[in-house]
Amino acid sequence: MKRDEQGRERCTACFCCMWICPANAIHIEAAEVSSERQHLHPEDKYAKKFEINLLRCIFCGLCEEACPKGAIYLDGTGEMAADNREDLFLTKERMMEKTGGPILGQRN
1287 MKRDEQGRER
1297 CTACFCCMWI
1307 CPANAIHIEA
1317 AEVSSERQHL
1327 HPEDKYAKKF
1337 EINLLRCIFC
1347 GLCEEACPKG
1357 AIYLDGTGEM
1367 AADNREDLFL
1377 TKERMMEKTG
1387 GPILGQRN
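All you need for the working numbering is the position in the sequence shown, starting with 1, plus 1286.
So this is what it looks like as structure tokens:
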């Protein structure tokens, strides 16, 4: 996910983006931050699993607006076609490897 100034993940698994998504395209699983991972997360929980189903996403931008930590954003480089179905399911790892934050596609 998008990181803060100290390199920690901004997402605190508050589920705001998941709840506001009208297409139910976002799935999050939260986990407690252990003492050895404390340097990676500013809060007491984090998104262990964060997935976006681009087959469902309508690119409305509500997730971006709902995020209180600025961890998610639309940058206009979303994938609209793929050779296989799995490529249209964005995992946390895939989103972070591109630009340091979620790649959700283009805002309407």
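C-beta: ideal position from N, C-alpha, C; glycine also.
Check: On the three-state DSSP scale, how would you describe residue 1327?
Finding: Here residue 1327 is taken as the residue at index 41 of the sequence shown, counted from 1. In this structure, residue 1327 counts as coil in the three-state DSSP scheme.
Item checked: Residues sharing a beta bridge with residue 1376, DSSP -> Taking the sequence shown and counting its residues from 1, the one referred to as residue 1376 is at position 90. Partner(s): 1338.
Note to self: Let me check understanding here. Comparing Cα to Cα, which of 1324, 1309, 1298 and 1339 lies closest to residue 1368?
What the structure shows: Looking up residue 1368 in the sequence shown gives position 82. For the residues 1324, 1309, 1298 and 1339, the minimum Cα distance to residue 1368 belongs to 1339.
Item checked: Beta-bridge pairing of residue 1289 - partner residues as DSSP gives them -> Against the sequence shown, residue 1289 aligns to sequence position 3. According to DSSP, residue 1289 bridges with 1295.
Check: Helix, strand or coil: which one does DSSP assign to residue 1344?
Finding: To locate residue 1344, count along the sequence shown from 1; it is residue 58. Residue 1344 falls in the coil class under three-state DSSP.
Notebook entry, point to check: So what's residue 1306 in DSSP terms, helix, strand or just coil?
Noted result: As a working mapping, residue 1306 is identified with position 20 in the sequence shown. In the three-state reduction of the DSSP assignment, residue 1306 falls in the helix class.
Notebook entry, point to check: Which partner residues of residue 1316 appear in the DSSP bridge assignment?
Noted result: The residue you call residue 1316 lines up with position 30 of the sequence shown. Answer is 1333.
Checklist line | Cα-Cα separation, residue 1355 to residue 1323 | finding: Residue mapping note: residue 1355 aligns to position 69 of the sequence shown, counting from 1. Residue mapping note: residue 1323 aligns to position 37 of the sequence shown, counting from 1. Roughly 19 Å between the two C-alpha positions.
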